[in-house]
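Asks: The structure follows.
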Amino acid sequence: MLKLLVMMVFLAPLCFIAEGWWMVQSFLFLMTFLFMLMNMMNSFFGGLSYFMGCDVLSYGLILLSFWICCLMILASESVNFGSVYEGFFIFLVLSLLGFLFCTFSAMNLFMFYLFFESSLIPTLFLILGWGYQPERLQAGVYLLFYTLLASLPLLVGIFYLKGKGETLWMPLFFCTDLSYLISYVSLILAFLVKMPMFLVHLWLPKAHVEAPVSGSMILAGVLLKLGGYGLLRIFNVLMLSGLVWNFIWVSISLVGGVLVSFMCLRQVDLKALIAYSSVAHMGIVVGGLMTLSYWGFCGAFTLMIAHGLCSSGLFCLVNISYERLGSRSLLINKGLMNFMPSMTLWWFLLASCNMAAPPSLNLLSEISLLNSIVGWTWVSMVMLSLLSFFSAAYTLYVYSYSQHGKIYSGLYSCAMGYVREYLLLFLHWIPLNLLIVKSESLVLWL
């Protein structure tokens, strides 16, 4: 694991040379395939070095981080073309990837916390430095305060565990009786905010709307998954408390998911709509996770990977329209089928993945999650059916409103779409639909 980290460190100086943009991008793709071929799909930790190791959970999410970071650079061509501090931009992407790599491969809970918090800094710089509106300052403050305020109890909880003589070494976690409600809440609150769970989700739409395309991609693709990953790890310790208290989070997530779906149906800003749909999807993940069942854990892990690829691709599509029309409003982004007909296919493919149509990975994971939640209590069927229905409803709403209808009258000329953009969408969609063929590694890891 250390060799990959060393390679990332040595890529840093290349960011600032003349043709560094392409070089770093090529090397990142190379590293992605190197890591993929290391093939550490063990159910226990392998590839050990110092504080780092890799099991199936880490493997999937590190691979996702590598992949999304490669695609971020591919999507941010406007930064390179406009020479907007492109060296510093690519350095930030690289440092963010390094932090994420360390977060997912850390085997000590305290090291995990350290890198979990560090990954916030490059994201904040991306939003503040390359965002579009002056409101990005407010979005940055929201992001910072929501995440940091919730993370302090996690640190206290980790010290409490250590003080009780428990181990912080993840492979040795076992079920301990933390009977205090406060220790249970403090250990999972940071992850629930990061997911984000309904009621603590307000920072997410704000951050997405103000972030550049690369910021949105990494935020939706990987940073939300830090919360789910943390919960999957920490519930080895909190199993007994979870059996008593988890019904609260399941209820909030399912009801919240339905309410957020209603909000999606009346959004006009495309980016805000996709951000709210992320909250609805993560609601199902929290619900499935909190049932503490085998189906729930596997479904949560699979949906995290599927949603990372799918919503990242949708943000790319919105950005492609935004670069041409200068607006993200549905009132202006309409009739796109008329002047970007081949892009309509990609809108349809990614929208259908978003509403979990076969053969996407979303379908497999949502079926697992529905199984786990309904198996936990059949009363949840009401909310789950509403959630599934409205998920399809707002996705179709986005697709039909943006692609069909009269073209915006103020539009007079436009570039059709570059090979780079089609490649970018292809690289989002292909893993999303081919991974279902190799789904046993996603569901047989416990």
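No gaps in the numbering here: position 392 of the sequence shown is 394 in the working numbering, and each next residue is one more. The beta-carbon is built from N, C-alpha and C at its ideal position, and this holds for glycine as well.
(1) What does a CB cutoff of less than 8 Å around Ile129 pick up in its chain, not counting 5 residues either side in sequence?
(2) Please report the distance separating the alpha-carbon of Ile184 from that of Met292.
(3) With H, G and I counted as helix, E and B as strand and the rest as coil, what does DSSP make of Gly419?
(4) So, with DSSP's three-state summary, where would you put Ser280?
(5) I'd like to know whether the C-beta atoms of Cys300 and Asn238 end up nearer to each other than 8 Å.
(6) Smallest Cα separation from Ser344: which of Met284, Ile123, Met418, Thr34?
(7) Do you know how far the Cα of Phe200 is from the Cα of Ser255?
(8) DSSP three-state call for Leu50: helix, strand or coil?
(9) Starting from the C-beta of Ala282, find all residues in its chain whose C-beta is less than 6 Å away, skip the five residues before and the five after it, and write them out in chain order.
(10) Whole-angstrom Cβ separation of Pro155 and Ala108, contact assumed at under 8 Å?
(11) Report the residue from Phe91, Phe103, Gly229 whose alpha carbon sits nearest the alpha carbon of Trp132.
(12) When the Cβ atoms of the region 387–404 are set against those of the region 39–57, are three or more pairs found closer than 8 Å?
(13) Inspect the CB distances between the region 417–435 and the region 318–335 and report whether three or more fall short of 8 Å.
(14) What residues in its chain sit with their C-beta under 8 Å from that of Leu234, if we drop five residues either side in the sequence?
(15) Please identify the residue among Trp205, Trp348, Met306, Trp378 whose C-alpha is closest to the C-alpha of Asn364.
(16) Does the beta-carbon distance from Trp297 to Gly377 come in below 8 Å?
(17) Label Leu242 either buried or exposed according to how many other C-beta atoms from any shown protein chain fall within 10 Å of its C-beta, with 16 as the threshold for buried.
(18) Helix, strand or coil for Ser382 per DSSP?
(19) From the DSSP secondary-structure annotation, give me the bridge partner or partners of Asp271.
(20) Can you name the residues that DSSP bridges to Ala108?
(21) Would you kindly report the start and end of the unbroken alpha helix (DSSP H) that includes His210?
(22) According to DSSP, is Trp449 helix, strand or coil?
(23) Under the DSSP definition of a beta bridge, which residues are partnered with Trp171?
(24) Measuring alpha carbon to alpha carbon, tell me which residue in Met339, Leu98, Ser80 is nearest Gly407.
(25) My guess is that Pro433 and Leu311 are in contact by the Cβ rule of under 8 Å, so how many angstroms apart are they, rounded?
(26) What separation, rounded to the nearest whole angstrom, lies between the Cα atoms of Cys355 and Ala308?
(27) If we count the other Cβ atoms within 10 Å of its Cβ and call it buried at 16 or more, is Trp251 buried or exposed?
(28) Just to confirm, is the Cβ distance from Thr34 to Phe68 under 8 Å?
(29) Could you tell me whether the Cβ atoms of Gly62 and Met3 are closer together than 8 Å?
(30) Please report the residue range of the alpha helix (DSSP H) in which Thr125 lies.
(31) Taking Ile75 as the reference, give the member of Leu98, Glu168, Leu174 with the closest Cα.
(32) For Asn335, is the classification buried or exposed, using 16 other Cβ atoms within 10 angstroms of its Cβ as the cut-off for buried?
(33) With distance defined between alpha-carbon atoms, name the residue in Cys318, Leu194, Asn41 nearest to Ser80.
(34) Nearest by alpha-carbon distance to Gln405: which of Phe350, Trp431, Ser443 is it?
(35) In chain order, what residues of the same chain have a beta carbon less than 8 Å from the beta carbon of Leu6, not counting five sequence neighbours either side?
(36) For Asn1, name the three-state secondary structure that DSSP assigns.
Replies: So, from the listed chains and residues:
(1) Against the sequence shown, residue 129 aligns to sequence position 127. If we look at Ile129 and ignore the five residues flanking it on each side, its Cβ neighbours are Arg138, Ala141, Gly142, Leu145, Ala209, Glu212, Ala213, Pro214, Gly217.
(2) What you label residue 184 is simply residue 182 of the sequence shown in a count that begins at 1. What you label residue 292 is simply residue 290 of the sequence shown in a count that begins at 1. C-alpha separation (whole angstroms): 17 Å.
(3) As a working mapping, residue 419 is identified with position 417 in the sequence shown. The answer is coil: DSSP assigns Gly419 none of H, G, I, E or B.
(4) For the purposes of this step, residue 280 is identified with residue 278 of the sequence shown, where counting begins at 1. DSSP places Ser280 in helix when its eight states are reduced to three.
(5) For the purposes of this step, residue 300 is taken as the residue at position 298 of the sequence shown. For the purposes of this step, residue 238 is taken as the residue at position 236 of the sequence shown. Their beta carbons are not under 8 Å apart, which means Cys300 does not touch Asn238 by this criterion.
(6) The sequence position of residue 344 within the sequence shown is 342, counting from 1. Residue Met418 is the option with its Cα nearest to Ser344.
(7) In the sequence shown, residue 255 corresponds to position 253, counting from 1. In the sequence shown, residue 200 corresponds to position 198, counting from 1. Roughly 6 Å between the two C-alpha positions.
(8) Locating residue 50 in the sequence shown gives position 48, where the first residue counts as 1. DSSP places Leu50 in the strand class (E or B) of the three-state scheme.
(9) The residue labelled residue 282 in the question sits at position 280 within the sequence shown. Excluding sequence neighbours, Ala282 sits near Gly259, Val262, Ser263.
(10) Locating residue 155 in the sequence shown gives position 153, counting from the first residue. Locating residue 108 in the sequence shown gives position 106, counting from the first residue. About 19 Å; that fails the 8 Å criterion.
(11) For the purposes of this step, residue 132 is identified with residue 130 of the sequence shown, where counting begins at 1. The residue among Phe91, Phe103, Gly229 with its C-alpha nearest the C-alpha of Trp132 is Phe91.
(12) no
(13) Yes, the region 417–435 is in contact with the region 318–335.
(14) Residue mapping note: residue 234 aligns to position 232 of the sequence shown, counting from 1. Counting only Cβ-Cβ distances below 8 Å, and skipping sequence neighbours, we find Leu59, Leu291, Phe299, Ala302, Phe303.
(15) Within the sequence shown, numbered from 1, the residue matching residue 364 stands at position 362. Of Trp205, Trp348, Met306, Trp378, the residue nearest in Cα terms is Met306.
(16) Walking along the sequence shown from the start, residue 297 turns up at place 295. Walking along the sequence shown from the start, residue 377 turns up at place 375. Against a cut-off of 8 Å, the Cβ pair of Gly377 and Trp297 comes out as a contact.
(17) As a working note, residue 242 is residue 240 in the sequence shown. Its Cβ having fewer than 16 others within 10 Å, Leu242 is exposed.
(18) Stepping through the sequence shown from its first residue, residue 382 is reached at position 380. Helix.
(19) Here residue 271 corresponds to residue number 269 of the sequence shown, with the count starting at 1. Answer is Ser331, bridged to Asp271.
(20) In the sequence shown, counting from the first residue as 1, residue 108 sits at position 106. Ala108 is bridged to Met54.
(21) Walking along the sequence shown from the start, residue 210 turns up at place 208. From DSSP, the alpha helix (DSSP H) with His210 extends over 205–212.
(22) Outside the displayed range of the chain (3 to 448) lies residue 449, so it cannot be described from this structure.
(23) Residue 171 sits at position 169 when you count from the first residue of the sequence shown. According to DSSP, which records beta bridges pairwise, Trp171 is partnered with Asn110.
(24) As a first step, residue 407 must be located in the sequence shown, where it is residue number 405. Looking at the Cα atoms, Met339 is the closest of the given residues.
(25) Taking the sequence shown and counting its residues from 1, the one referred to as residue 433 is at position 431. Taking the sequence shown and counting its residues from 1, the one referred to as residue 311 is at position 309. A Cβ-Cβ distance of about 6 Å is found for the pair Pro433 and Leu311, placing them in contact under the 8 Å criterion.
(26) Taking the sequence shown and counting its residues from 1, the one referred to as residue 355 is at position 353. Taking the sequence shown and counting its residues from 1, the one referred to as residue 308 is at position 306. Put simply, the backbone Cα of Cys355 is about 9 Å away from that of Ala308.
(27) Taking the first residue of the sequence shown as position 1, residue 251 is located at position 249. It is buried - the Cβ of Trp251 has at least 16 other Cβ atoms within 10 Å.
(28) Counting from 1 along the sequence shown, the entry for residue 34 is found at position 32. Counting from 1 along the sequence shown, the entry for residue 68 is found at position 66. Cβ atoms of Thr34 and Phe68: closer than 8 Å.
(29) Along the sequence shown, read from residue 1 onward, the residue named residue 62 stands at position 60. Along the sequence shown, read from residue 1 onward, the residue named residue 3 stands at position 1. Taking a C-beta distance under 8 Å as the contact criterion, Gly62 and Met3 do not qualify as a contact pair.
(30) Walking along the sequence shown from the start, residue 125 turns up at place 123. Start and end: 122–132.
(31) Position 73 of the sequence shown, counted from the first residue, corresponds to residue 75. It is Leu98 whose Cα lies nearest to the Cα of Ile75.
(32) Residue 335 sits at position 333 when you count from the first residue of the sequence shown. With 16 or more Cβ atoms within 10 Å of its Cβ, Asn335 is classed as buried.
(33) Along the sequence shown, read from residue 1 onward, the residue named residue 80 stands at position 78. Of the candidates Cys318, Leu194, Asn41, the one whose C-alpha sits nearest the C-alpha of Ser80 is Cys318.
(34) Sequence index remark: in the sequence shown, residue 405 carries index 403 (1-based). Minimum Cα distance to Gln405 is reached at Phe350.
(35) Indexing the sequence shown from 1 puts residue 6 at position 4. Within the same chain, Leu6 has close Cβ partners Met33, Leu36, Phe37, Phe103.
(36) Residue 1 is absent from the structure shown; the chain starts at 3 and stops at 448.
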